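Residue numbers (our numbering): 1 to 227. The C-beta atom is built at its ideal place from N, Cα and C for all residues, glycine as well. Computed from a prediction, not measured in an experiment: that's the story for all the values here. In what follows, a single structure is set out as structure tokens and then discussed.
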């Protein structure tokens with residue numbers, strides 16, 4: 001596989017939030033809402049899918065929400081609490097969580113990420129991020145020391161369309177200054193990342209850290225590219 005450029009998903013590709021349940025539970029507890037960390041972890045994927053189904057097809061779920069990104073997360077956290085049988089969260093609690101997850105302490109880079117990005121950059125590969133994220137992502141990546149590695153940080157919030165829509169990939173390709181077929185997109189979601197990228201004319205690799213994809217670790221990517 002040859003490529004001039006690589007675009008990367010973010011969550012579960014570059015980083016993850018291993019203490020998400022504990023952070024949610026602790027923050028909500030300070031505001032009088034009792035919920036177990038495991039209940040947060042169990043219900044969040046369910047609510048995330050519900051809200052995705054309710055958003056206009058392929059449109060950015062944050063920008064199309066009446067309350068913007070903050071309103072989206074307030075509703076998501078409220079539904080998590082409702083599904084878990086907890087009290088509704090006050091606005092101050094959801095605002096605190098919104099700010100907390102713009103901080104690097106809430107996240108953890110996968111161990112191979114810094115070295116892999118450095119190897120790709122040293123080989124002259126152009127790098128971009130393509131992610132269904134709200135407006136906090138550029139600041140978060142900067143605080144994590146990664147932003148300077150990327151020619152573009154393309155979010156659904158900025159484009160107005162989510163993966164797998166071709167518009168978000170097209171924005172990244174334009175920023176990279178290459179042809180679509182010269183880009184390899186890497187991500188953990190078969191529909192959003194693999195099928196979406198290929199439909200937009202890019203090459204794609206599925207990252208599955210359980211070993212069921214093309215890559216089990218981002219460290220394998222340079223080898224795929226012949227670096």
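Looking at C-alpha atoms only, which residue of the options is the closest neighbour of residue i?
i	options	result
residue 19	106, 159, 222	106
residue 136	66, 70, 56	70
residue 227	160, 123, 161, 85	123
residue 37	216, 208, 201, 86	86
residue 118	95, 90, 148, 99	148
residue 189	198, 21, 220	198
residue 130	61, 54, 23, 196	196
residue 39	24, 97, 8	24
So, for residue i: in the same chain, excluding its five sequence neighbours on each side, which residues have a beta-carbon less than 7 Å away from its beta-carbon?
i	result
residue 1	184, 203, 224, 225
residue 94	73, 74, 77
residue 29	none
residue 90	31
residue 133	10, 155, 156, 157
residue 63	157, 160
Under 8 Å by Cβ, that's how I've got residue i and residue j pegged, so tell me the actual separation to the nearest angstrom.
i	j	result
residue 110	residue 218	7 Å
residue 76	residue 104	In fact, because the Cβ distance is near 22 Å, the residues do not count as touching under 8 Å.
residue 120	residue 6	6 Å
residue 213	residue 207	6 Å
residue 186	residue 13	6 Å
residue 179	residue 152	The pair is not a contact, with the Cβ atoms about 16 Å apart (cut-off 8 Å).
In the structure shown, what three-state DSSP assignment does residue i receive?
i	result
residue 33	coil
residue 65	coil
residue 94	helix
residue 173	helix
residue 165	coil
residue 156	helix
residue 4	coil
residue 204	strand
residue 127	strand
residue 187	strand
residue 59	strand
residue 13	coil
residue 218	helix
residue 47	helix
Using a Cβ-Cβ cut-off of 8 Å (strictly less than) and excluding sequence neighbours within five positions of residue i, which residues of its own chain qualify?
i	result
residue 92	31
residue 191	164
residue 41	20, 21
residue 161	58, 59, 60, 167, 168
residue 215	186, 205, 206, 207, 208, 221, 224
residue 52	61
Could you pull out every residue in the same chain whose Cβ sits closer than 6 Å to the Cβ of residue i, ignoring the five residues on either side in sequence?
i	result
residue 43	80, 83, 84
Taking only heavy atoms of the ligand FMN into account, decide whether any of them is closer than 7 Å to the Cβ of residue i.
i	result
residue 125	No copy of the ligand FMN occurs in the structure displayed, which carries no ligand at all.
Checklist entry - In chain order, which alpha helix (DSSP H) runs of at least 4 residues are fully inside the stretch 79 to 125? => result 91 to 100, 113 to 122
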